[in-house]
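Protein chains in written order, with my numbering: chain Y, 1 to 324; chain D, 325 to 648.
In this text, a Cβ means the ideal position worked out from N, Cα and C, and glycines have one as well.
There are 2 protein chains.
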Amino acid sequence: MYSMDEVLGAHGRRNSELKESPNPLAKGVAWIAGELVPLHEAKIPILDQGFLHSDLTYDVPAVWDGRFFRLDDHLDRFWKSCEKMRLRSPMDRETIRKTLVEMVSKTGIRDAFVEIIVTRGLKFVREYQSFENNLYMLVMPYVWAMPPQLQRTGGSAIVTRTVRRTPPRAMHTTVKNLPWGDFTRGWLQAMDRGATYSFLTDGDGAVTEGGGYNIFAVKDRVLHTPARGVLEGVTRKTVLELAAAKGMRTVVDFVPVDLLYRADEIFMSTTAGGIMPITLLDDDPVGGGQVGPVTRDIWEAYWAAHYDPKLSFAIDYPAPALVD
Amino acid sequence: MYSMDEVLGAHGRRNSELKESPNPLAKGVAWIAGELVPLHEAKIPILDQGFLHSDLTYDVPAVWDGRFFRLDDHLDRFWKSCEKMRLRSPMDRETIRKTLVEMVSKTGIRDAFVEIIVTRGLKFVREYQSFENNLYMLVMPYVWAMPPQLQRTGGSAIVTRTVRRTPPRAMHTTVKNLPWGDFTRGWLQAMDRGATYSFLTDGDGAVTEGGGYNIFAVKDRVLHTPARGVLEGVTRKTVLELAAAKGMRTVVDFVPVDLLYRADEIFMSTTAGGIMPITLLDDDPVGGGQVGPVTRDIWEAYWAAHYDPKLSFAIDYPAPALVD
Chain Y
1 MYSMDEVLGA
11 HGRRNSELKE
21 SPNPLAKGVA
31 WIAGELVPLH
41 EAKIPILDQG
51 FLHSDLTYDV
61 PAVWDGRFFR
71 LDDHLDRFWK
81 SCEKMRLRSP
91 MDRETIRKTL
101 VEMVSKTGIR
111 DAFVEIIVTR
121 GLKFVREYQS
131 FENNLYMLVM
141 PYVWAMPPQL
151 QRTGGSAIVT
161 RTVRRTPPRA
171 MHTTVKNLPW
181 GDFTRGWLQA
191 MDRGATYSFL
201 TDGDGAVTEG
211 GGYNIFAVKD
221 RVLHTPARGV
231 LEGVTRKTVL
241 ELAAAKGMRT
251 VVDFVPVDLL
261 YRADEIFMST
271 TAGGIMPITL
281 LDDDPVGGGQ
291 VGPVTRDIWE
301 AYWAAHYDPK
311 LSFAIDYPAP
321 ALVD
Chain D
325 MYSMDEVLGA
335 HGRRNSELKE
345 SPNPLAKGVA
355 WIAGELVPLH
365 EAKIPILDQG
375 FLHSDLTYDV
385 PAVWDGRFFR
395 LDDHLDRFWK
405 SCEKMRLRSP
415 MDRETIRKTL
425 VEMVSKTGIR
435 DAFVEIIVTR
445 GLKFVREYQS
455 FENNLYMLVM
465 PYVWAMPPQL
475 QRTGGSAIVT
485 RTVRRTPPRA
495 MHTTVKNLPW
505 GDFTRGWLQA
515 MDRGATYSFL
525 TDGDGAVTEG
535 GGYNIFAVKD
545 RVLHTPARGV
555 LEGVTRKTVL
565 ELAAAKGMRT
575 VVDFVPVDLL
585 YRADEIFMST
595 TAGGIMPITL
605 LDDDPVGGGQ
615 VGPVTRDIWE
625 AYWAAHYDPK
635 LSFAIDYPAP
645 ALVD
């Protein structure tokens, strides 16, 4: 069984151990130009076009309880994102895969947030065929878009009134982008309206996504999630697979905002936080205002899936050094 | 007189001198956390949210022939951009102004591209009220969005077919943003179609802007430029003022794409390049296919304005060291 209590309790214990770790990389590590650097000391050139024009793509796989989860799905998407943006990773896929595993192993972090970034490099896009792109890789303790304690009761969200998601015709929404201007405005509007999370529309009445998460509405045990104008999240994909395996119907289509207000349950999905229940929308309770049975069911199945050898593999960590 | 030959010739001579300069900062300098660093060695923390989520704003004033041009207009806009994004510069305006002048002076660069950036800092926007934002300042030799040689004949542009400008409801288009995903796609489409510059629409038949420049269409000696969904460029403002002073009519409004195809002349405006004539649009000549009389008139007035003491002020440079 993988109840909230068990999953979050075990993570809490691993996290306490991590905080006591004497490993100098236990707070995170960055790979930059072939060097491993403690994360909080890691620097990039100010002239990197990833900074100067947000000309980059990235991906975020995660490690849970010492196992890399769906790493190949993340690398698949990352490679597609690079192609769409005409970026070329200066390191081949197998070496990236191997390096990420080694990095996690060296930090000793058992629940890790992992990020791979390829930027345009030091020259403007106009010369894109003639120079090398830059690669950065980061490993840090697991990041919670919704803190564990809040997952027990559910968070509060708003539908933004004056911010829409950047449309696919402007930026590739299926490419993992770091230009979060619209999402940032969404986060600010949520705070202004006393909520925590924001749901952005497509500007024409359909739900899209929020800053780093996909959105699911449950109505009559059917799961609805937007088809277009959103990132094709790996967690979203896992939810769709798990729901189908449980015999639930899933609909990936246009999701009118109205459906959110009529939903029995709402949850968000992301690698950095998993399945995140929303129990208050625009100040009104969602369904009964509690974390609902479908959300709970998917939540437990999601964390259980992290031990499925078809979806994850164990990382070898060095034995902890004996402390005198 | 400020003809193209004179302006570009004099700049070319200053630029040749700069390339011979023994000053170690002549290739540029960055201000980072109170230190001045040679530009190509300057680094920022990888954890800066300006990089990780493009959560920042910036501005680009320029120095021409040893004079800072409209610096206060740039600082006005920069301060407004910070407010709109709820960023607070960690350095007050007067100190920034003074530091920029000192930086330019120290480099000895007489035609300079200057950039001020304020990022969210090291923490996610959700905690925006509780921490300090980061400031970076850069000075480098003048950047030409259109090389001087090409300004003499005019460049080629396309109207993008499948990329639209990010709408104001997604990101503040009046705030200077570095998320250039849409512009980057525009640059790539231009190259794919054998042109150099791209004009993005608003997705509904109106012209907006391109990657770093505003767009003007001249028809029957009236200057048209889009009102909405664009950056309110300082060069654009200068063009509107200069045209009005010459008794030309200017219209800042919805500009249908169709007007571009019927225009007598087209030019782009930006601090990094000035007035940039476009003589080929979607492979067809604009008007007579030459740099037109209105464009040339504005071009000359624009560079002349750099010596207007109401718009610019001279920088004190240290006397060059005597070489043994």
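- If you compare the alpha carbons of Y:Gly154, Y:Met91, Y:Met137 with that of glycine 28 of chain Y, the shortest gap goes to Y:Met137.
- Minimum Cα-Cα distance from leucine 18 of chain Y among the listed residues Y:Ala30, Y:Arg77, Y:Ser81, Y:Ser105 corresponds to Y:Ser105.
- Not a single C-beta of chain D is nearer than 8 angstroms to the C-beta of lysine 106 of chain Y.
- For valine 252 of chain Y, the beta-bridge partners assigned by DSSP are Y:Thr225.
- With respect to lysine 634 of chain D, alanine 587 of chain D sits apart: the two C-beta atoms are not nearer than 8 angstroms.
- The beta carbon of methionine 171 of chain Y falls within 8 angstroms of a beta carbon belonging to chain D, placing the residue at that interface.
- Any Cβ of chain D closer than 8 angstroms to the Cβ of arginine 88 of chain Y would place that residue at the interface, and such an atom is absent.
- Rounded to whole angstroms, the Cβ separation of alanine 436 of chain D and alanine 386 of chain D is 6 angstroms, and the two are in contact under 8 angstroms.
- For arginine 488 of chain D, the beta-bridge partners assigned by DSSP are D:Thr525.
- Just so you know, the alpha carbons of methionine 415 of chain D and leucine 459 of chain D end up roughly 8 angstroms apart.
- The alpha carbon of asparagine 177 of chain Y has as its nearest neighbour, out of Y:Arg161, Y:Met85, Y:Met248, Y:Glu41, the alpha carbon of Y:Met85.
- Put simply, the CB of alanine 26 of chain Y is far from chain D, with every gap to its CB atoms at 8 angstroms or more.
- The segment 52–66 of chain Y makes contact with the segment 77–84 of chain Y; the number of CB pairs closer than 8 angstroms reaches 3 or more.
- At a cut-off of 8 angstroms between beta carbons, valine 449 of chain D contacts chain Y.
- Threonine 184 of chain Y and glycine 211 of chain Y have their C-alpha atoms spaced approximately 7 angstroms apart.
- For the segment 332–364 of chain D, the residues whose beta carbon sits under 8 angstroms from a beta carbon of chain Y are, in order, Ala354, Ile356, Leu363, His364.
- Here the alpha carbons of arginine 236 of chain Y and leucine 280 of chain Y stand approximately 21 angstroms from one another.
- Taking C-beta atoms as the reference points, proline 362 of chain D and proline 348 of chain D count as a pair closer than 8 angstroms.
- Contact annotation, threonine 498 of chain D with leucine 555 of chain D: C-beta distance approximately 6 angstroms; criterion of less than 8 angstroms satisfied.
- In this model, valine 483 of chain D and threonine 107 of chain Y are separated by some 50 angstroms (Cα to Cα).
- In the DSSP annotation of this structure, the continuous segment of the beta strand (DSSP E) that includes serine 312 of chain Y starts and ends at 312–314.
- Interface annotation for the segment 619–634 of chain D against chain Y: empty, criterion Cβ-Cβ distance under 8 angstroms.
- Counting every other CB atom within 10 Å of its CB across the protein chains shown gives phenylalanine 591 of chain D a total of 16 or more, marking it as buried.
- Residue state for asparagine 538 of chain D is assigned as strand, using DSSP reduced to three classes.
- Beyond the five residues adjoining it in sequence on each side, alanine 26 of chain Y comes within less than 7 angstroms, by CB distance, of Leu18, Thr107, Gly108, Ile109 in the same chain, given in chain order.
- With a cutoff of 8 angstroms on beta-carbon distance, valine 163 of chain Y and arginine 493 of chain D are scored as near each other.
- Isoleucine 46 of chain Y belongs to the set of residues whose beta carbon lies under 8 angstroms from a beta carbon in chain D.
- Look at leucine 502 of chain D: its C-beta is under 8 angstroms from a C-beta on chain Y.
- Between leucine 259 of chain Y and histidine 224 of chain Y, the CB-CB gap stays under 8 angstroms.
- By the C-beta density criterion, glycine 9 of chain Y is exposed, having fewer than 16 other C-beta atoms within 10 angstroms.
- Inter-residue distance for tryptophan 299 of chain Y and isoleucine 275 of chain Y is about 5 angstroms (C-alpha atoms, whole angstroms).
- When 9 angstroms is used as the limit between beta carbons, threonine 562 of chain D is near no residue of chain Y, the shortest such separation being about 24 angstroms.
- Leaving aside the five residues that flank glycine 233 of chain Y on each side, the residues in its chain whose CB is nearer than 7 angstroms to its CB run, in chain order, Asn214, Ser269, Thr270.
- For isoleucine 44 of chain Y, the three-state secondary structure derived from DSSP is strand.
- If the five residues before and after proline 148 of chain Y are omitted, its C-beta is found closer than 8 angstroms to the C-beta atoms of Leu8, His11, Gly12, all from its own chain and listed in chain order.
- Under the DSSP definition of a beta bridge, methionine 276 of chain Y partners with Y:Met268.
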